[in-house]
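Notes for the one structure printed next.
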Amino acid sequence: MKDEDNLKNLPSERPSNLTDSYRLFHLLRQTADAVHKTREVELKKYKLTPEQAGALVGIQSLGKKATPAELSRWLFREYK
28 MKDEDNLKNL PSERPSNLTD SYRLFHLLRQ TADAVHKTRE VELKKYKLTP EQAGALVGIQ
88 SLGKKATPAE LSRWLFREYK
């Protein structure tokens, strides 16, 4: 039997892996959306958005090093 014939007889795992990967991505996305919506509800009583709350946490965490550039790096995790 040739190597090429052996390859033809192997089960193809790619479609299953792609499907599993897509399902995992979809579940992670749904989870992130649910967390974001829950956070919106929690912050609504303070009239803040999750993004504004994140900026405030960043400013507090950075302390005296809080500049617009540092805050941007902190928020987007773009470290030097």
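The sequence shown maps to residues 28 to 107 in our numbering.
Think of the CB as a built atom: it goes at the ideal place given N, C-alpha and C, for glycine as much as any other residue.
Would leucine 75 and leucine 89 be called neighbours here (beta carbons separated by less than 9 Å)? As a working mapping, residue 75 is identified with position 48 in the sequence shown. As a working mapping, residue 89 is identified with position 62 in the sequence shown. Not closer than 9 Å, so no.
Would you mind working out which of Asp47, Gly81 and Ser48 sits nearest histidine 63, comparing C-alpha positions? Sequence index remark: in the sequence shown, residue 63 carries index 36 (1-based). Nearest of Asp47, Gly81 and Ser48 to histidine 63, Cα basis: Gly81.
DSSP state of tyrosine 49, grouped into three classes? Along the sequence shown, read from residue 1 onward, the residue named residue 49 stands at position 22. The answer is helix: DSSP assigns tyrosine 49 an H, G or I state.
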